[in-house]
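Its first residue numbered 733, the sequence shown is counted upward by one per residue in my numbering. Each residue gets a CB set at the ideal place from its N, CA and C atoms; glycine is no exception. Fair warning: this is a prediction, and the values are worked out from it, not measured in the lab.
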Amino acid sequence: MTQLLQALKALEAGGRLSRPLRLGISSSVTAELLGTYLRKQAALNGVKLELVQGNYDDLLGDMQRFSADGVPQAVVIPFLDTLLPALEASLGGLDPELVRDRQAQWRSQLQLALKAGAALQAIYISTFHRMTVSPDPSAPDAVDLLVDGLNAALREEAAMHPQVRLIDAQKLLASVGAQAAFVPRFYYRAKAPYSARYFDAFAAAVASASRGFGSYFYKVLALDCDNTLWGGIVGEDGVAGIKLGPHDYPGNIFWHAQQLIAQLERSGVLLCLCTKNNAADVEEVLAGHPCMVLKPAQIVARRVNWSDKAQNLRELAAELNLGLDSFVFLDDSDFECAAVRSQLPQVHTVQVPKNLPDYPRVLGEISQLFLGAGVSGESRSKTQQYQQREAGAAAQAEFASQEDYLHSLKLQALLSLNTHASAARISELSQKSNQFNLTTRRYSQAEIAGHMNGPASAVYSLVVRDRFGDAGLTGVVVMRYAGRSAHVEAFYMSCRVIGRGVEYSIWNRICEQAAARGCDELLAEYIPSAKNMLVARFFDDLGMQRLDGGGHAPVVKYRLALPATGLTNRNWIEFIYA
733 MTQLLQALKA LEAGGRLSRP LRLGISSSVT AELLGTYLRK QAALNGVKLE LVQGNYDDLL
793 GDMQRFSADG VPQAVVIPFL DTLLPALEAS LGGLDPELVR DRQAQWRSQL QLALKAGAAL
853 QAIYISTFHR MTVSPDPSAP DAVDLLVDGL NAALREEAAM HPQVRLIDAQ KLLASVGAQA
913 AFVPRFYYRA KAPYSARYFD AFAAAVASAS RGFGSYFYKV LALDCDNTLW GGIVGEDGVA
973 GIKLGPHDYP GNIFWHAQQL IAQLERSGVL LCLCTKNNAA DVEEVLAGHP CMVLKPAQIV
1033 ARRVNWSDKA QNLRELAAEL NLGLDSFVFL DDSDFECAAV RSQLPQVHTV QVPKNLPDYP
1093 RVLGEISQLF LGAGVSGESR SKTQQYQQRE AGAAAQAEFA SQEDYLHSLK LQALLSLNTH
1153 ASAARISELS QKSNQFNLTT RRYSQAEIAG HMNGPASAVY SLVVRDRFGD AGLTGVVVMR
1213 YAGRSAHVEA FYMSCRVIGR GVEYSIWNRI CEQAAARGCD ELLAEYIPSA KNMLVARFFD
1273 DLGMQRLDGG GHAPVVKYRL ALPATGLTNR NWIEFIYA
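Right, here's the structure in full:
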């Protein structure tokens, strides 16, 4: 522990952690030790964590303070015995009505606390668990029923508050082991029941649920083939000789692995192949092996050749118009994994374990990189959307000019105002968009809902369709109104629809509605980041006036007089307003 604290102190003082984050802790047990392991997990993701410790067993008060102090995220640890002293041990002798009353009181307090913490971006709540072993494992006892009831209430409340994410304490206990997780002497002496090992696992679960405290947002799983998707080398063993199937070892492990990978694809993760192989051999396995789970239509892009895999990953990133820091790369080879790690450290490289039965567990850990914070319904159609874009790129080659091609697309753009049903997708897109993001501001679902409901703000969302299909909700403008000024607080778009002109054409409508509110100027800003140079001159190109000396460098300020005239527009887009 001393070495860990010294290492954290050196990292935090040395300026190597690039992003600060404040995190509140509200606990019904003594949990100072948890803070150390949360700082460790944050440091592993390049985040400098500032902990804000709440009061002992004061959930409502803590949430009120966190909200008032602008703490963006919080961890909550309830504990069974704080509902009633020694509740677990004495439950059999207590009046059931008293227990039900305490359950109801706790749920009421939780509801008030979540309301008080509505402004927080994320709240990670541990579920309840029991400390003792049931005397009859074959049937639930009163403690089991109480824990199940409390956790059911937690899930119901979490479903109504999109910023709440539950940490399954019972799964953590099963992983760590009850004897290793609890320290009875510290519980009785200091209300500190949990061991360092348990808190380490809990902090890792929070890091996973928060996607490394917001430090990453992976979108693509790039896969090797031989000894990764199937056992053996197809070029040597032939299609009939590779190991793949639901029954026999080791093929059953690879079959199970493909099931897990296919589940990721159905959840919105983009799958690519990045393998040194003969393309014809791989195609034969994909299309013809009777036990192949993954189908060709689930693979959005491929590099099947004998080239350097780091270069292939660069090409895949360019093809998908995504950063390399969006990629997870999975391979069985020590050499290939080391090469990609050294050349592309921004790619998260994972090696298939040498102990093959551990492979499904490793894929479970990979799934947390993608799904820890959940996905919107629209994300589940990502593969189809990228394939539509690929079809469009092929069709573009048939036209003499870009404008002729864009006219042929029969583009439709639906611009909607304050669509509450899309709040989850709007929030998710703010977290994902880096290249076309004028301010790189990120929003929780609760914050988006707040802007939609506020009298002095508005959220526009853009859905783009063409003859190849529906690209989905791919653009967002967050507006704020003050006096006679309309401020563009955020404008971000998916790279999938950049270049079609919709990014310019939406502003006529937004300016019209701002003028209708009595505004005589539109104000905007460009905040440079390491990734958004693509839009450095967007507002210049739109026709806005650049203001000299406004704000703190390097922020660039812009103004446009309303009602607007002379804005850049595109006449090949049919707009629909809602």
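message: Would you call the region 807–816 in contact with the region 755–762, where contact means no fewer than 3 C-beta pairs closer than 8 Å?
response: yes
query: Considering Pro828, what are the terminal residues of the alpha helix (DSSP H) in which it resides?
result: Taking the sequence shown and counting its residues from 1, the one referred to as residue 828 is at position 96. Element bounds for Pro828: 828–848.
Runs of alpha helix (DSSP H) wholly within the region 1226–1308 (minimum 4 residues, chain order): 1234–1237, 1239–1248, 1270–1274
- prompt: Does the region 1166–1181 touch the region 881–895, meaning 3 or more C-beta pairs lie closer than 8 Å?
  reply: Flag = yes, the region 881–895 and the region 1166–1181 touch.
message: Rounded to the nearest angstrom, what separates Gly1109 and Leu1054 at their Cα positions?
response: As a working mapping, residue 1109 is identified with position 377 in the sequence shown. As a working mapping, residue 1054 is identified with position 322 in the sequence shown. Low confidence applies to Gly1109: its pLDDT is 49, below 50, so where it sits in the model is not reliable enough to give any reading.
field: Where Asn1185 sits in the DSSP three-state scheme
entry: Translated into the one-based positions of the sequence shown, residue 1185 becomes position 453. Here Asn1185 sits in helix by DSSP.
query: DSSP state of Gln1128, grouped into three classes?
result: Taking the first residue of the sequence shown as position 1, residue 1128 is located at position 396. Reliability of the predicted coordinates at Gln1128 is poor, the pLDDT of 48 falling under 50, and no value is obtained from them.
query: Is Ser1099 helix, strand or coil when you go by DSSP?
result: Within the sequence shown, numbered from 1, the residue matching residue 1099 stands at position 367. Reduced to three states, the DSSP call for Ser1099 is helix.
task: Using 10 angstroms around the beta-carbon of Leu766, count the other beta-carbons present and answer buried if the total reaches 16, otherwise exposed.
output: On the sequence shown, position 34 is the one that residue 766 refers to. With 16 or more Cβ atoms within 10 Å of its Cβ, Leu766 is classed as buried.
- prompt: Using a beta-carbon distance below 8 Å, is Glu1160 in contact with chain C?
  reply: In the structure shown, chain C does not exist; there is a single protein chain.
message: Please report the distance separating the alpha-carbon of Ala1218 from that of Gly1231.
response: Residue numbering aside, residue 1218 sits at position 486 when the sequence shown is read from its first letter. Residue numbering aside, residue 1231 sits at position 499 when the sequence shown is read from its first letter. Spanning the two alpha carbons is a distance of roughly 26 Å.
task: Flag this pair as yes or no: are the beta carbons of His1080 and Leu1052 separated by less than 8 Å?
output: If you number the sequence shown from 1, residue 1080 lands on position 348. If you number the sequence shown from 1, residue 1052 lands on position 320. For His1080 and Leu1052, no; Cβs fall outside 8 Å.
query: Thinking just about the alpha-carbon of each residue, which of Ala1296, Val971, Arg1197, Glu829 is nearest to the one in Arg1228?
result: Against the sequence shown, residue 1228 aligns to sequence position 496. Of the candidates Ala1296, Val971, Arg1197, Glu829, the one whose C-alpha sits nearest the C-alpha of Arg1228 is Arg1197.
message: Buried or exposed for Glu1068, going by 16 or more other Cβ atoms inside 10 Å?
response: Position 336 of the sequence shown, counted from the start, is the residue given in the question as residue 1068. Burial call: buried.
message: At the level of alpha carbons, what is the spacing between Val1014 and Cys957?
response: Position 282 of the sequence shown, counted from the first residue, corresponds to residue 1014. Position 225 of the sequence shown, counted from the first residue, corresponds to residue 957. Distance between the alpha carbons of Val1014 and Cys957: 8 Å.
field: Straight-line gap, Ala913 to Asn777 (C-alpha atoms, nearest Å)
entry: By one-based count along the sequence shown, residue 913 stands at place 181. By one-based count along the sequence shown, residue 777 stands at place 45. Taking the Cα positions, Ala913 is about 25 Å away from Asn777.
query: In three-state terms, what does DSSP make of Lys975?
result: Within the sequence shown, the letter at position 243 stands for residue 975. Strand, per DSSP.
- prompt: From Ala1156 to Asp790, what distance separates their C-alpha atoms?
  reply: Locating residue 1156 in the sequence shown gives position 424, counting from the first residue. Locating residue 790 in the sequence shown gives position 58, counting from the first residue. Ala1156 and Asp790: Cα-Cα distance of roughly 30 Å.
- prompt: Excluding sequence positions up to five away, which residues of its chain have a Cβ less than 6 Å from the Cβ of Gly1283?
  reply: Position 551 of the sequence shown, counting from 1, holds the residue named residue 1283. Model confidence at Gly1283 stands at a pLDDT of 47, short of 50, so the residue's coordinates are unreliable; what they give is reported in the following sentence. Closer than 6 Å at the Cβ level, and outside the excluded window around Gly1283, lie Lys1289.
query: For Val784 versus Ala924, is the C-beta spacing smaller than 8 Å?
result: Stepping through the sequence shown from its first residue, residue 784 is reached at position 52. Stepping through the sequence shown from its first residue, residue 924 is reached at position 192. Not a contact, by the Cβ cut-off of 8 Å.
- prompt: Using the beta-carbon count (16 or more within 10 Å), is Trp838 buried or exposed?
  reply: Looking up residue 838 in the sequence shown gives position 106. That one is buried.
message: If you measure between the beta carbons of Ile1238 and Leu1146, is that distance less than 8 Å?
response: By one-based count along the sequence shown, residue 1238 stands at place 506. By one-based count along the sequence shown, residue 1146 stands at place 414. No, Cβ-Cβ distance for Ile1238 and Leu1146 is not below 8 Å.
task: Counting only runs of 4+ residues fully inside the region 881–966, write out the alpha helix (DSSP H) ranges in chain order.
output: 901–908, 910–913, 916–922, 928–941, 943–946
query: Which partner residues does Val1208 have in the DSSP bridge list?
result: For this step, residue 1208 is matched to residue 476 along the sequence shown. In the DSSP assignment, Val1208 is bridged to Ser1193, Tyr1224.
- prompt: For the region 868–876 against the region 898–912, are there 3 or more C-beta pairs whose distance is under 8 Å?
  reply: no
task: Leaving out five residues on either side along the sequence, give the residues of the same chain with a beta carbon under 6 Å from the beta carbon of Val1220.
output: Position 488 of the sequence shown holds residue 1220. Answer for Val1220: Ala1256, listed in chain order.
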